[in-house]
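Heads up, the thing below is written out as structure tokens.
Numbering (the numbering used here), first residue to last: 50 to 258.
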């Protein structure tokens, strides 16, 4: 269910409500707590997911003409999922019988600041993303679930139109150099870190004709 309001041709305010009922969703389950940490896909009986989404796109020229080329875009998703396991006799005995779905964050935030100047052909976009703590692997035989912790990401794109046929873009991703951190259990405890790695900052130049 979605409600949208358009103050102008380039602006929007929207509210959405969603509900999903899953049958036999597939989740990654840790079945070996040894050094290898063997992970296997397993079907669970079912799951439910519900949430809301808020979206806004607003030109900042309403505050002062100096900002007329700037547009703010924001998106917030809040969700809750639950899996209640009634497995009976199973080869793999999961540690947690009631929990959120794998890879389902309780919140996701996306923010963007766009600049577009038609006269000069110059454009820019600054993006920010963060998601809430989420289960990435399900523990079994007493082993805790594995959680991925929030990761703050900032990307930047600069574009310049040259004549009518050429367009150049400078794209920079992961400017903060933030790390992926996965722990056994939900606490961000150094002693429980299962794996941690940092993705590189990437800068690229693209030309389009």
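Ideal Cβ placement from N, Cα and C applies to all residues, glycine included. Just so you know, these numbers come straight off a predicted model, no measurement behind them.
Which residues DSSP lists as bridging residue i, in chain order
| i | result |
| --- | --- |
| residue 221 | 205 and 252 |
| residue 129 | 99 |
| residue 229 | 246 |
| residue 54 | 62 |
| residue 39 | Because residue 39 is not part of the residues shown, which for the chain are 50 to 258, the question remains open. |
| residue 192 | Beta-bridge pairing links residue 192 to no other residue. |
| residue 120 | 108 and 163 |
| residue 274 | In the structure as shown, the chain begins at 50 and stops at 258. Residue 274 is therefore absent and cannot be evaluated. |
| residue 69 | 98 |
Residue i and residue j closer than 8 angstroms at C-beta
| i | j | result |
| --- | --- | --- |
| residue 95 | residue 73 | yes |
| residue 98 | residue 150 | yes |
| residue 200 | residue 229 | yes |
| residue 180 | residue 154 | yes |
| residue 157 | residue 176 | no |
| residue 232 | residue 188 | no |
| residue 162 | residue 112 | no |
| residue 160 | residue 110 | no |
| residue 61 | residue 104 | yes |
CB-CB length for residue i against residue j, believed under 8 angstroms
| i | j | result |
| --- | --- | --- |
| residue 225 | residue 218 | That pair is no contact at about 21 angstroms. |
| residue 90 | residue 108 | With a Cβ gap of about 46 angstroms, residue 90 and residue 108 do not count as contacting. |
| residue 223 | residue 251 | 7 angstroms |
| residue 80 | residue 195 | Their Cβ separation, rounded to whole angstroms, is 13 angstroms, which puts residue 80 and residue 195 out of contact at 8 angstroms. |
| residue 166 | residue 133 | Not really, about 54 angstroms apart at Cβ, beyond 8 angstroms. |
Exposed unless 16 or more other CB atoms sit within 10 angstroms - verdict on residue i
| i | result |
| --- | --- |
| residue 137 | In this prediction, residue 137 has a pLDDT of 45, which is less than 50 and means its spatial position is unreliable; what the coordinates show is noted afterwards. Residue 137 comes out exposed. |
| residue 192 | buried |
| residue 106 | buried |
| residue 126 | buried |
| residue 128 | buried |
| residue 253 | exposed |
| residue 57 | exposed |
| residue 139 | Note that residue 139 scores a pLDDT of 48, beneath 50, so its modelled location is shaky and nothing firm can be said. |
When the options are compared against residue i, the one with the closest alpha-carbon
| i | options | result |
| --- | --- | --- |
| residue 238 | 161, 221, 222 and 197 | 197 |
| residue 216 | 154, 107 and 169 | 169 |
| residue 52 | 58, 88, 61 and 65 | 65 |
| residue 255 | 249, 209, 61 and 132 | 209 |
| residue 245 | 131, 253, 227 and 63 | 227 |
| residue 75 | 205, 114, 93 and 236 | 93 |
| residue 131 | 116, 164, 71 and 115 | 71 |
| residue 213 | 87, 258, 59 and 116 | 258 |
| residue 116 | 69, 164 and 211 | 164 |
| residue 242 | 234, 221 and 248 | 234 |
| residue 173 | 249, 236, 220 and 114 | 220 |
| residue 190 | 87, 59 and 54 | 87 |
Proximity test, Cβ basis, 8 angstroms: residue i and chain D
| i | result |
| --- | --- |
| residue 252 | Looking at the structure shown, chain D is missing, and only one protein chain is on hand. |
Check: residue i C-beta below 7 angstroms from any heavy atom of the ligand MG
| i | result |
| --- | --- |
| residue 211 | By its list of ligands, the structure shown contains no ligand whatsoever, and the ligand MG lies outside what it can speak to. |
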